[in-house]
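Residue numbers (the numbering used here), protein chains in the order written: chain X, 1 to 297; chain U, 298 to 594; chain H, 595 to 891; chain V, 892 to 1188. Below is one structure; the comments refer to it alone.
Rendered as structure tokens:
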């Protein structure tokens, strides 16, 4: 099976590497060329355009930063749709809106190709370690066909029916849940510190007992160590909160926690933390409580 | 070691049973007598008053519903303090304010006895199964002495220094975290339902992967099955949110998520759900989104 | 001076009538023809398209429901821009985003015409009575020229500089302030009712003393009488809150009150009140407090 | 008519002066003596204790800072209740909880005296100028008798029935409305500033048209000039928000705006602004948006 892969950011690089390791042939394209060489060294074929990366491929994967880029990479003159052969499948792994998935899926159908929504949960090191979780939706037969490809990049796959937008909504919901977890951790850590109790002890107990799960443990640690670089940039996470809110507004679903984490990130951006890990939203708790932002200054 | 135990509610009953099972002698008192017989059948000695339950005991445990009851049971004419011998330890397991712990601890010191704060995490079935988690604080030597008693009731103990109020704050923080988890689950489940995605599938994925921990799994299930009886009554949980807020106000710690879950429970109470499990706060999401409260009607 | 007028809704009708009353010649266009005859009876000239309404006019006024309609009416093949003569002025009175004003202003400049932003405050009866307040921004000379036209429709005009988006932001800010006023009134009325105090007495005092201004008085009365039809439809007001939030997000300005009124209206829409007056957002307070929605049932 | 007056703070001083100006005999008491001399110069009689100030008086007015002080001044050994003659009326002008009014009213009845709740709206300069607004509740006959006294201190009186707590709830509601007004003004001013529009122009328009009332005008100006000293201290206003919230919690009335202004003030206190005017809560908007707190630095 020949795979095209467009978008070699921190996530895409690990995903493409795992495809190569699983024995797939992979044609790669990335806007900035420096990401290409290491994968070529592992056996990937460099393509000059998204269209060429898609040419001849059975599956073309895109891992891009937002709706606009996905649209351009898919529909542009040198985009993947222009290169895809009949019945080829566009596996769309980006965190984007359900609306663009629905629209692109329709355009694919009209062209005799397929669009499978397939966003992933996990940070770059999990992508590299094949530890991602995938949520997927779209045409059932197409999903069936791409399963080996998804398996080569993840530790588990969850399907959400044939609405191409469904998996996007699940992904946005998950990111919202993580942001809520961060805000909760931030409030508790601040309450502890202002009451003379070591936040490490409080979060240590709670994240090793009733909240013993990856998100609470990992972000509990990041929040306490204030280890906000590198990471998943707040500007990108904020985009996801805005996408989640757009889904909520469109479906008439009031979500007060979502409003708060969105506002928290907005304030983080206003204060200059766009490039910090999104868990830096927890700093708002400290600031509101009159604590110095840094725990270690 | 002779132990007194006052307060045989759903939690206290399991805790006292485990003490008997561990071989301790236990003198018990409960306001309503019907809870007493089953424990007497297991070897407990019935006492006519809290004072008598405390008389001669090395450790007197109280597991009561709020500050006012704890104060009355401790300081009343027939209260435990009146019965305690010198150097005996009052192990206070109730979810109460840090202020009352600090005040009672001081009164104990003046009388030559000790007060160890020792609230627990876990539902009645966990209490019965010796699966509670204990957070404790107060005089270090007293804590050392009661450790075997705490061990006989729990699967783990976490200590938070010598401020008698500290363990109360940890307990209130944990309950706030659980309520935040519930609200998050409720918002996500509603968003899914309003977008035509099975909430079972969405929460099923997220609580078996990045949120694979007891609270998300258990409450994810309760929220979806709307299995709100019996449980931890919303009226009691609301009391805990109010106690948490009192700590936050006193320590000048703004907590927006706490404000929201407090308001959610307040609305649940206004709508007549005081006696439902506190996870019924998730119904507010459905209501705000125009869904029928029941998923199964 | 010859004026074109496009958009004869509840507001536009009154505004156009006042222009006729002031002696201006007015060419009118409206999508549904039934609004046209009464104005023709007052001396207006009916035009078959927006382009024709603009043809020959010195000033062409648009009063439309949202960005998309304004864009179509301005830029469409039969749109006003196609009909405008050199140096004519497009007076844009709709409540729309600052972005579309900035974009249209630029397109007008390129065509040798002008765009003056000129949204209005006031309900239909105020439009009819020439009691509107106008906020305006854009090219200073163009504003100077249209002043007599603005004066013929309002009781006062406030200018906000040359950014064509500025007056839109002022208008959206004002609508946010009104929504905040409504939410405040709703919370106070509910608190009074739940405490056995007549809300009429409480709001009666406060809106005749320290809050003696049109918004509090008018909406205090509507909220208490639950007189929600006809009015400014919640669906339209919700659009304005979303526009306001878009401005807030883009400029990194967290606005917690705005988040709440936006969520309140979203819930009102979810519950089927899209067509009620926007002050029906106050019903959320009653609902959350367990009161029947109707005060008079 | 002989009047006793206890509590000569910024408000009490002006109120007592107006009583003297109206021809009443006034016996005064204040904790710190320096407030006494200026009033004695105007004809007041200094009393050594609250009890003595109440002795022989037909009406004894208290204007104190909180529940605890009111309780001590009323019920203490040297308190006013100990000095009051039969049928004398305690006119309680402080901003306190409805609960303490109900409790004190009951104790007065038992002693053959009366308690009339009579909190006031207005700042010190309005107290001095006899421009206060009074809300009152309690025994109807007693209210009738004290009316000339209330009239001598105010420009208007509004009665709220015989629940002694009712007027307190109205007063707390009014203060909540003012705080909401401040938050709204702060959000709008920040939005304007971050979008390059002069906040003075925006608030200038809105507070001279649809929000042309004392609160918006006065606080609009303070917020923009950041003229936060002296004023009504945030620590006191925060107390009022907490009292309002206590009423809301007790009556099961969720109030999201109240939660927000309470949190805003809590944050202001955390950041060291307890002694600034309560309108300094508007600084939170600036801070969250990444603006320097001072507009003039």
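Built from N, CA and C at the ideal position, the CB exists for glycine as well. If you're wondering where the values come from, they're calculated on a predicted model, not measured in any experiment.
Are residue 235 of chain X and residue 275 of chain X closer than 8 Å when you measure CB to CB? If you number the first chain from 1, residue 235 of chain X lands on position 235. If you number the first chain from 1, residue 275 of chain X lands on position 275. In contact: residue 235 of chain X and residue 275 of chain X (Cβ atoms closer than 8 Å).
What residue range does the beta strand (DSSP E) around residue 1072 of chain V cover? Walking along the fourth chain from the start, residue 1072 of chain V turns up at place 181. Where residue 1072 of chain V is concerned, there is no enclosing beta strand (DSSP E), although the alpha helix (DSSP H) it sits in stretches over 1057 to 1085.
Less than 8 Å separating the beta-carbons of residue 647 of chain H and residue 622 of chain H? Looking up residue 647 of chain H in the third chain gives position 53. Looking up residue 622 of chain H in the third chain gives position 28. Closer than 8 Å, so yes.
Below 8 Å between beta carbons is the criterion; list the residues of the segment 225 to 245 of chain X that meet it against any residue of chain H, in chain order. 242
Does the Cβ-Cβ distance between residue 26 of chain X and residue 73 of chain X come in under 8 Å? Here the question's residue 26 of chain X lines up with position 26 in the first chain. Here the question's residue 73 of chain X lines up with position 73 in the first chain. Taking 8 Å as the Cβ cut-off, residue 26 of chain X and residue 73 of chain X do not qualify as a contacting pair.
Can you pull the chain V residues whose beta carbon is under 8 Å from the beta carbon of residue 267 of chain X, in chain order? Against the first chain, residue 267 of chain X aligns to sequence position 267. Within 8 Å Cβ-Cβ: 1179, 1180, 1181.
In its own chain, which residues sit with a C-beta less than 6 Å from the C-beta of residue 156 of chain X, not counting the 5 before and 5 after it? As a position in the first chain, residue 156 of chain X is number 156, starting the count at 1. Cβ neighbours of residue 156 of chain X beyond the five flanking positions: 133.
I want to see whether chain X comes within less than 8 Å of residue 877 of chain H, judged by CB atoms only; does it? For the purposes of this step, residue 877 of chain H is taken as residue 283 along the third chain, with counting starting at 1. Taking Cβ atoms only, chain X never reaches closer than 8 Å to residue 877 of chain H, which makes this a no.
Can you tell me whether DSSP reads residue 67 of chain X as helix, strand or coil? As a first step, residue 67 of chain X is located in the first chain; it is residue number 67 there, counting from the start. Note: residue 67 of chain X maps to helix in three-state DSSP.
With DSSP collapsed to three states, give me the class of residue 637 of chain H. Walking along the third chain from the start, residue 637 of chain H turns up at place 43. Coil at residue 637 of chain H, not helix or strand.
Quickly, what does DSSP pair residue 645 of chain H with across the bridge? List them, please. Within the third chain, numbered from 1, the residue matching residue 645 of chain H stands at position 51. According to DSSP, residue 645 of chain H shares a beta bridge with no other residue.
What in chain U is Cβ-close to residue 790 of chain H, meaning under 9 Å? For the purposes of this step, residue 790 of chain H is taken as the residue at position 196 of the third chain. Going along chain U, no residue has its Cβ under 9 Å from residue 790 of chain H, so there is no contact; the nearest lies around 15 Å.
State the Cα-Cα distance for the pair residue 403 of chain U and residue 966 of chain V, rounded to the nearest angstrom. For this step, residue 403 of chain U is matched to residue 106 along the second chain. For this step, residue 966 of chain V is matched to residue 75 along the fourth chain. Going by the C-alpha atoms only, they are around 28 Å apart.
Closer than 8 Å by beta-carbon distance: list the chain X residues that pair up with residue 453 of chain U, in chain order. Numbered from 1 along the second chain, position 156 holds the residue referred to as residue 453 of chain U. Going along chain X in sequence order, the residues near residue 453 of chain U (Cβ under 8 Å) are 209.
Residue-chain proximity (residue 846 of chain H, chain V), Cβ-Cβ < 8 Å: Within the third chain, the letter at position 252 stands for residue 846 of chain H. Yes, residue 846 of chain H lies at the interface with chain V (some Cβ there is under 8 Å from its Cβ).
Interface positions of the segment 1008 to 1027 of chain V facing chain H (Cβ-Cβ less than 7 Å), listed along the chain: Per Cβ criterion, the list reads 1012, 1024, 1026.
Would residue 625 of chain H be called buried (16 or more neighbouring beta carbons within 10 Å of its own) or exposed? For the purposes of this step, residue 625 of chain H is identified with residue 31 of the third chain, where counting begins at 1. With fewer than 16 other Cβ atoms within 10 Å, it is exposed.
Whose Cβ in chain V lies nearer than 8 Å to the Cβ of residue 272 of chain X? Within the first chain, numbered from 1, the residue matching residue 272 of chain X stands at position 272. What residue 272 of chain X touches in chain V: 1181.
If you run the structure through DSSP and keep just helix, strand and coil, what is residue 845 of chain H? To locate residue 845 of chain H, count along the third chain from 1; it is residue 251. Looking at residue 845 of chain H - three-state DSSP - the assignment turns out to be coil, as it is neither helix nor strand.
What is the rounded straight-line gap between the Cα of residue 663 of chain H and the Cα of residue 1017 of chain V? Residue mapping note: residue 663 of chain H aligns to position 69 of the third chain, counting from 1. Residue mapping note: residue 1017 of chain V aligns to position 126 of the fourth chain, counting from 1. Distance between the alpha carbons of residue 663 of chain H and residue 1017 of chain V is about 51 Å.
DSSP three-state assignment for residue 392 of chain U, whether helix, strand or coil: Here residue 392 of chain U refers to the residue found at position 95 when the second chain is read from its first residue. In this structure, residue 392 of chain U counts as coil in the three-state DSSP scheme.
Which whole-angstrom value describes the C-beta separation of residue 289 of chain X and residue 1161 of chain V, a residue pair presumed to lie in contact below a C-beta threshold of 8 Å? In the first chain, counting from the first residue as 1, residue 289 of chain X sits at position 289. In the fourth chain, counting from the first residue as 1, residue 1161 of chain V sits at position 270. At roughly 5 Å, the Cβ-Cβ gap stays under 8 Å, so residue 289 of chain X and residue 1161 of chain V are in contact.
Proximity to residue 293 of chain X [Cα-Cα], best of X:262, X:34, X:226, X:198: Walking along the first chain from the start, residue 293 of chain X turns up at place 293. It is X:226.
May I ask you to list, following chain order, the residues of the segment 95 to 107 of chain X that have a beta carbon less than 9 Å from some beta carbon of chain U? 98
For residue 232 of chain X: DSSP bridge partner residues: To locate residue 232 of chain X, count along the first chain from 1; it is residue 232. Looking at the DSSP assignment, residue 232 of chain X forms no beta bridge with any residue, so it has no partner.
Would the beta-carbon of residue 188 of chain X fall within 8 Å of that of residue 474 of chain U? The sequence position of residue 188 of chain X within the first chain is 188, counting from 1. The sequence position of residue 474 of chain U within the second chain is 177, counting from 1. For residue 188 of chain X and residue 474 of chain U, yes; Cβs fall inside 8 Å.
Candidates U:348, U:489, U:504: which alpha carbon is nearest residue 161 of chain X's? One-based indexing of the first chain puts residue 161 of chain X at position 161. For residue 161 of chain X, the nearest C-alpha among the options comes from U:489.
Using the C-alpha atoms, what's the distance from residue 578 of chain U back to residue 686 of chain H? On the third chain, residue 686 of chain H is found 92 positions in, with the first residue counted as 1. On the second chain, residue 578 of chain U is found 281 positions in, with the first residue counted as 1. Each residue's alpha carbon lies about 46 Å from the other.
For the alpha helix (DSSP H) containing residue 206 of chain X, name the first residue and the last one. Indexing the first chain from 1 puts residue 206 of chain X at position 206. Here the alpha helix (DSSP H) through residue 206 of chain X covers 199 to 208.
Neighbour flag for residue 853 of chain H against chain X, beta carbons, 8 Å: Translated into the one-based positions of the third chain, residue 853 of chain H becomes position 259. So yes, residue 853 of chain H belongs to the interface.
Three-way DSSP call (helix, strand, coil) for residue 245 of chain X in this model: Looking up residue 245 of chain X in the first chain gives position 245. Three-state DSSP puts residue 245 of chain X in a helix.
Own chain residues within Cβ distance below 6 Å of residue 263 of chain X, not counting five before or after: Taking the first chain and counting its residues from 1, the one referred to as residue 263 of chain X is at position 263. Cβ neighbours of residue 263 of chain X beyond the five flanking positions: none.
Quick one: Cα of residue 708 of chain H to Cα of residue 758 of chain H, how far? Translated into the one-based positions of the third chain, residue 708 of chain H becomes position 114. Translated into the one-based positions of the third chain, residue 758 of chain H becomes position 164. Residue 708 of chain H and residue 758 of chain H: Cα-Cα distance of roughly 11 Å.
With a Cβ-Cβ cutoff of 8 Å, do residue 427 of chain U and residue 451 of chain U count as a contact? The residue you call residue 427 of chain U lines up with position 130 of the second chain. The residue you call residue 451 of chain U lines up with position 154 of the second chain. With respect to residue 451 of chain U, residue 427 of chain U sits close: the two C-beta atoms are nearer than 8 Å.
Using DSSP with H/G/I as helix, E/B as strand and the rest coil, what is residue 257 of chain X? Position 257 of the first chain, counting from 1, holds the residue named residue 257 of chain X. Note: residue 257 of chain X maps to helix in three-state DSSP.
In angstroms, rounded to a whole number, what distance separates the CA positions of residue 383 of chain U and residue 549 of chain U? The residue given as residue 383 of chain U occupies position 86 in the second chain. The residue given as residue 549 of chain U occupies position 252 in the second chain. If I take the Cα positions, the gap works out to 38 Å.
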